[in-house]
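Protein chains in written order, with our numbering: chain A, 1 to 237; chain U, 1 to 304; chain W, 1 to 299.
Report on one structure; see the data block that follows.
Here you go:
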């Protein structure tokens with residue numbers, strides 16, 4: 001069992017076809033191979049535009065893979081499945097129960113209180129509302145979000161505060177696989193260290209992670225393995 | 001784990017079953033042609049011909065062989081420009097008009113005896129009476145134009161009562177209690193229950209429509225451009241309400257909109273329509289961030 | 001040859017009678033269903049009882065005994081004219097006694113005295129469609145009847161209750177016939193509605209202007225529409241009695257005495273009132289004047 005991977009990319013490649021520009025093809029990445037085990041964290045490094053985010057988004061099925069496979073060992077769906085091929089319905093199931101994704105942007109329904117946004121995935125999974133809100137509120141406190149903001153609408157927040165909501169609403173339900181696309185970009189150093197602490201706790205709980213961090217220091221702190229991506233190609237490290 | 005900040009329940013075991021159920025609604029080859037219709041109609045229309053008017057007989061092909069499956073507890077978004085057949089689709093599903101041809105099957109689980117005995121039978125072939133029964137028990141609709149969904153010469157409570165009466169309620173006090181409960185949920189002031197919706201603001205009319213649609217605890221809710229024409233603050237409230245209702249009542253929804261923002265916030269899966277045809281279907285974020293079809297790309301790139 | 005004898009017995013020709021009789025049979029076979037018929041021209045204007053008159057003429061035979069009432073009154077212009085006309089073309093016996101009549105044509109009332117299986121009551125109907133108030137389109141109302149889609153009418157009652165605290169319909173109270181069709185019982189008062197339920201008599205409703213015949217056969221279930229918590233109820237005449245005959249428990253007309261300005265009540269059914277009054281010899285209970293004032297107006 002120890003050898004079993006949670007996530008495995010096999011010759012994964014993504015090409016964008018822009019029909020508006022006469023079918024122009026833009027390469028996102030190609031021939032990407034790596035494996036992530038439970039409790040392992042993998043970092044993707046490389047200059048902007050090298051295709052790191054595209055890889056993360058492909059794993060999350062926001063992008064459709066052009067070639068290759070993304071094997072994922074699903075607990076609630078059908079065992080080992082190719083995320084790029086299974087029905088959308090199954091992807092949705094896996095997304096709500098297994099794979100979490102933290103981007104750089106917060107997208108939520110306007111005029112919903114911060115604590116409700118964070119509590120939402122818990123309530124959806126059957127946690128009583130009062131308890132879910134308490135858990136969420138505790139987590140936001142740990143992320144140093146001032147308590148008077150818990151009941152405010154995130155659209156009025158600063159970039160860093162919004163990002164804290166974004167992080168909290170995903171890690172609160174402890175996904176099995178966590179995808180991180182520069183989650184700490186807009187945070188101050190103190191907050192970053194808190195976030196890293198939380199991620200470490202998740203990791204100890206068995207969560208596997210794939211992350212992108214521009215800051216080399218944070219990346220070293222975070223990743224067990226770092227893969228360098230350059231212009232869509234995979235550079236061995 | 002050092003403290004209790006994480007979900008102490010994790011994911012329950014019965015959640016496993018959630019994703020793999022049969023579709024609630026399965027629609028196959030749904031076609032709607034306005035006009036005389038001829039054998040060439042389907043071939044001569046669609047996105048590849050850039051028209052939905054048949055050049056042989058002049059019929060308008062509003063829907064061209066649409067096949068969609070709806071799963072329990074999901075929100076399906078439908079986007080497309082005006083005239084793409086979005087509203088026609090919703091209205092056919094509400095039996096507001098007859099289909100030209102096509103089939104619709106409902107999951108036997110929701111078609112229990114209390115509604116109707118026919119399981120695995122094409123719903124479109126049922127009698128008008130049976131269709132009305134299904135519609136009344138299982139389907140709620142909210143129109144873009146409140147004047148279509150509400151009777152303006154009848155009180156707000158009466159509009160909700162209409163559905164309950166059709167469902168067989170014959171107790172005025174029970175009907176009023178239920179109506180108040182629904183108005184409460186949709187945040188319409190209860191003291192206005194006996195006022196005509198004519199005197200309500202657009203957002204309130206929309207919320208009365210939602211209350212009416214929810215009155216008989218439907219399994220499927222059809223939302224046709226519900227936020228179009230509302231100002232932003234009201235729009236946000238309506239969206240929030242819809243999302244909350246979906247979470248609390250676990251209703252399957254179809255959300256029709258030409259506003260990509262609305263679709264992004266509400267829908268888990270999205271279908272893109274053009275000239276009565278589905279040109280692309282997929283997860284909402286995939287449709288919006290990695291559109292495959294030229295039309296979808298154009299649509300997404302035209303976003304403000 | 002006498003000028004009157006130039007007409008067929010009962011004025012209308014036999015073919016037309018046959019059509020009307022067939023339509024009546026169909027109406028009897030489907031209680032509460034409105035059967036369209038070809039309404040003929042008659043020597044009275046449409047809207048003055050031509051529907052009822054055609055049914056009467058189609059059914060009447062030489063041995064019949066006819067009673068015609070207009071809002072309970074035997075002597076109003078409309079009733080008298082129709083009586084004269086039918087008698088002149090058939091020469092049948094005319095009566096004001098409900099129990100003696102075999103055929104009764106009536107406008108907006110059902111006689112107080114119970115009727116039996118050998119009698120037929122023909123009701124004149126101004127608006128045969130019970131759903132007309134809520135749906136102007138004939139096509140739609142037909143669909144609604146076919147599908148049993150009566151929500152709109154119920155909603156109308158609901159709105160009434162919400163607005164006025166109770167159903168405000170006085171006459172033309174909609175009824176559900178035989179558990180299937182909702183029917184307009186013609187503008188009879190609520191008082192008469194329970195008489196339709198499981199009655200021994202055949203009721204035939206006919207609208208000449210609207211060209212519809214419908215019927216309630218004997219022993220048919222007839223239920224007024226009512227909510228569980230707002231029951232149907234008839235007019236309340238508690239503590240009131242007829243000023244002429246002293247009857248209680250009958251439908252009373254309220255009239256104001258021109259001279260004294262007092263409010264008094266008299267029987268709406270004059271035939272019944274006369275009978276009771278002459279039997280009990282209490283004719284002197286009230287001055288002669290009121291006998292004329294009880295006459296319902298025609299029209």
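Every residue gets a Cβ at the ideal spot worked out from N, C-alpha and C, and that includes glycine.
Note that this is a predicted model, so its numbers are computed, not measured.
Answer yes or no: does any C-beta atom of chain U fall closer than 7 Å to that of residue i?
i, result
"residue 161 of chain W", "yes"
"residue 173 of chain W", "no"
"residue 301 of chain W", "Nothing about residue 301 of chain W can be reported from this structure: the residues present for chain W run from 1 to 299 only."
"residue 176 of chain A", "no"
"residue 155 of chain W", "yes"
"residue 303 of chain W", "Summary: the structure shown does not reach residue 303 of chain W, with chain W confined to residues 1 through 299, and so no result is reported for it."
"residue 135 of chain W", "no"
"residue 109 of chain A", "yes"
"residue 138 of chain W", "no"
"residue 150 of chain A", "no"
"residue 112 of chain W", "no"
"residue 88 of chain A", "yes"
My assumption, with CB atoms under 8 Å, is that residue i sits in contact with residue j. Please give the rounded CB distance.
i, j, result
"residue 113 of chain W", "residue 98 of chain W", "4 Å"
"residue 138 of chain W", "residue 144 of chain W", "Not really, about 11 Å apart at Cβ, beyond 8 Å."
"residue 322 of chain U", "residue 268 of chain U", "The structure shown does not extend to residue 322 of chain U, since chain U is modelled only from 1 through 304, so no value can be given for it."
"residue 163 of chain A", "residue 106 of chain A", "7 Å"
"residue 128 of chain W", "residue 210 of chain W", "5 Å"
"residue 213 of chain W", "residue 67 of chain W", "At roughly 20 Å, the Cβ-Cβ gap does not stay under 8 Å, so residue 213 of chain W and residue 67 of chain W are not in contact."
"residue 106 of chain W", "residue 122 of chain W", "7 Å"
"residue 36 of chain U", "residue 59 of chain U", "6 Å"
Using a Cβ-based criterion (distance less than 6 Å to any ligand heavy atom), does residue i qualify as near the ligand FMN?
i, result
"residue 6 of chain A", "Annotation note on the ligand FMN: not contained in the displayed structure, which lists no ligands."
Quick one: does residue i have its CB under 7 Å from some CB of chain A?
i, result
"residue 280 of chain U", "no"
"residue 269 of chain U", "yes"
"residue 7 of chain U", "Residue confidence is low: residue 7 of chain U scores 40 on pLDDT, short of 50, so the model does not pin down where it sits. No coordinate-derived value is stated."
"residue 22 of chain U", "no"
"residue 283 of chain U", "yes"
Hey, is residue i's beta-carbon within less than 7 Å of any beta-carbon in chain W?
i, result
"residue 165 of chain U", "yes"
"residue 129 of chain U", "yes"
"residue 172 of chain U", "yes"
"residue 216 of chain U", "no"
Contact list for the segment 18 to 38 of chain A against chain U, Cβ threshold 8 Å: 18, 19, 20
The segment 130 to 140 of chain U touching the segment 213 to 224 of chain U, judged by at least three CB pairs closer than 8 Å: Yes: at least three Cβ pairs fall under 8 Å.
The segment 193 to 205 of chain A / the segment 148 to 162 of chain A touching (three or more Cβ pairs under 8 Å): no
Touching by the beta-carbon criterion (3+ pairs, under 8 Å), the segment 230 to 245 of chain W and the segment 69 to 83 of chain W: no
Residues of the segment 180 to 195 of chain U whose Cβ lies closer than 9 Å to any Cβ of chain W, in chain order: 193, 194
Cβ contact (3+ pairs, closer than 8 Å) linking the segment 225 to 235 of chain U and the segment 264 to 274 of chain U: no
Segment contact flag, the segment 246 to 256 of chain U with the segment 71 to 80 of chain U, C-beta cutoff 8 Å, min 3 pairs: Contact check between the segment 246 to 256 of chain U and the segment 71 to 80 of chain U: three or more CB pairs, one atom from each, fall below 8 Å, which counts as touching.
Whole runs of the beta strand (DSSP E) within the segment 159 to 199 of chain W, excluding any shorter than 3 residues: 175 to 177, 181 to 183
contact_flag[the segment 29 to 39 of chain A, the segment 10 to 21 of chain A] where n(CB pairs < 8 Å) is 3 or more: yes
Against chain W: residues of the segment 31 to 49 of chain U by CB proximity under 8 Å: none
Within 7 Å of chain U by C-beta, residues of the segment 59 to 78 of chain A in sequence order: Answer in chain order: 61, 62, 63, 64, 76, 77.
Cβ pair count under 8 Å reaching 3, the segment 47 to 66 of chain U against the segment 79 to 90 of chain U: yes
Uninterrupted beta strand (DSSP E) stretches inside the segment 56 to 84 of chain U (no shorter than 3 residues): 60 to 70, 75 to 79
Stretch-stretch touch, CB-based, cutoff 8 Å, three pairs: the segment 178 to 188 of chain U with the segment 47 to 61 of chain U: no
Interface residues of the segment 225 to 239 of chain W facing chain U [CB-CB below 7 Å]: Taking 7 Å as the Cβ-Cβ cut-off against chain U, the residues of the segment 225 to 239 of chain W that qualify are 227, 228, 229, 230.
In chain order, each beta strand (DSSP E) run of at least 3 residues that lies wholly inside the segment 90 to 155 of chain U: Runs of beta strand (DSSP E) with 3 or more residues, each lying fully within the segment 90 to 155 of chain U, are found at 101 to 106, 139 to 142, listed in chain order.
Ordered list of alpha helix (DSSP H) runs contained in the segment 199 to 235 of chain W, each at least 4 residues: Segments of the alpha helix (DSSP H) lying fully in the segment 199 to 235 of chain W: there are none.
Completely contained beta strand (DSSP E) runs for the segment 25 to 76 of chain W, where each covers 3 or more residues: 65 to 70
Contact list for the segment 12 to 37 of chain W against chain U, Cβ threshold 8 Å: none
Under 7 Å (Cβ pairs) to chain W, residues found in the segment 213 to 238 of chain U: Contacts with chain W (Cβ-Cβ distance below 7 Å) from the segment 213 to 238 of chain U involve no residue at all.
Short-range partners of chain W found in the segment 151 to 164 of chain U, where Cβ spacing is below 7 Å: 154, 155, 157, 158, 161, 162: these are the residues of the segment 151 to 164 of chain U whose beta carbon lies less than 7 Å from some beta carbon of chain W, given in chain order.
Touch test, the segment 113 to 120 of chain A against the segment 66 to 80 of chain A, Cβ-Cβ under 8 Å, three pairs minimum: no
Cβ pair count under 8 Å reaching 3, the segment 75 to 90 of chain A against the segment 182 to 200 of chain A: Short answer: they don't touch.
Touch test, the segment 78 to 92 of chain A against the segment 129 to 144 of chain A, Cβ-Cβ under 8 Å, three pairs minimum: no
Three CB pairs or more closer than 8 Å across the segment 193 to 200 of chain W and the segment 216 to 227 of chain W: yes
Segments assigned alpha helix (DSSP H), at least 4 residues, entirely inside the segment 243 to 284 of chain W: 270 to 280
Interfacial residues, the segment 131 to 145 of chain U to chain W, with Cβ spacing under 8 Å: Along the segment 131 to 145 of chain U, going in chain order, the ones with a CB nearer than 8 Å to a CB of chain W are 132.
The segment 30 to 47 of chain W contacting the segment 60 to 74 of chain W, beta-carbon criterion three pairs below 8 Å: no
Where the segment 238 to 263 of chain W meets chain U: residues whose CB sits under 8 Å from a CB there: none
Alpha helix (DSSP H) runs wholly inside the segment 25 to 85 of chain A, at least 4 long, in chain order: 52 to 59
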